[in-house]
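In the working numbering, the protein residues as written are 4 to 158.
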């Protein structure tokens, strides 16, 4: 845990919602799907998967925005910053928007997904690339490789 320089703090743009991360990340990703493009008004979204028990909202009350389906996207009710997602059927993780961390300078996507929908000019330094989501059986190996190879925040 110490090599990840935890805990991490972060929050929305206006500061109304704050959170803390106390567990090492499982995976870092860039998602090129058109849904993420529209929700970020950018070429892709950047996220870091955190075990649920290692994530806590410490101030404010995020609201559900974006799509109101099985996967829940949480936003600040004041500035509408997209903070995190609780993906459908994956109660054990929180998909945190990496740029909401107070120190996101260390972040680099390890995986990029939904490249079948990416904008032609959009590039990332991701080590692994998938046309859609990685197959369920790929995640164990990706998580292991990320834990061994990922860039860490400096102290």
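Backbone N, C-alpha and C fix where the C-beta goes; we use that ideal spot for every residue, glycine too.
Sheet register partners of residue i (DSSP bridge)
i: residue 75; result: 71 and 89
i: residue 99; result: 51 and 87
i: residue 24; result: 11 and 58
i: residue 33; result: 49 and 115
i: residue 132; result: 115
i: residue 104; result: 13
8 Å Cβ cutoff met for residue i and residue j
i: residue 35; j: residue 102; result: no
i: residue 65; j: residue 86; result: yes
i: residue 123; j: residue 112; result: no
i: residue 148; j: residue 46; result: no
i: residue 69; j: residue 21; result: no
i: residue 155; j: residue 7; result: yes
When the options are compared against residue i, the one with the closest alpha-carbon
i: residue 74; options: 89, 67, 81 and 12; result: 89
i: residue 39; options: 107, 121 and 21; result: 121
i: residue 33; options: 144, 6, 104 and 114; result: 114
i: residue 157; options: 97, 139, 46 and 106; result: 106
i: residue 58; options: 108, 97 and 137; result: 97
i: residue 84; options: 19, 9 and 154; result: 19
i: residue 61; options: 153, 79 and 150; result: 79
i: residue 110; options: 51, 67 and 9; result: 51
i: residue 92; options: 13, 67, 139 and 14; result: 139
i: residue 150; options: 28, 24 and 23; result: 28
Supposed close pair residue i, residue j - CB separation, criterion 8 Å
i: residue 142; j: residue 116; result: That pair is no contact at about 11 Å.
i: residue 48; j: residue 100; result: 7 Å
i: residue 30; j: residue 145; result: 6 Å
i: residue 42; j: residue 76; result: 7 Å
i: residue 104; j: residue 25; result: So it is not a contact: roughly 13 Å between Cβ atoms.
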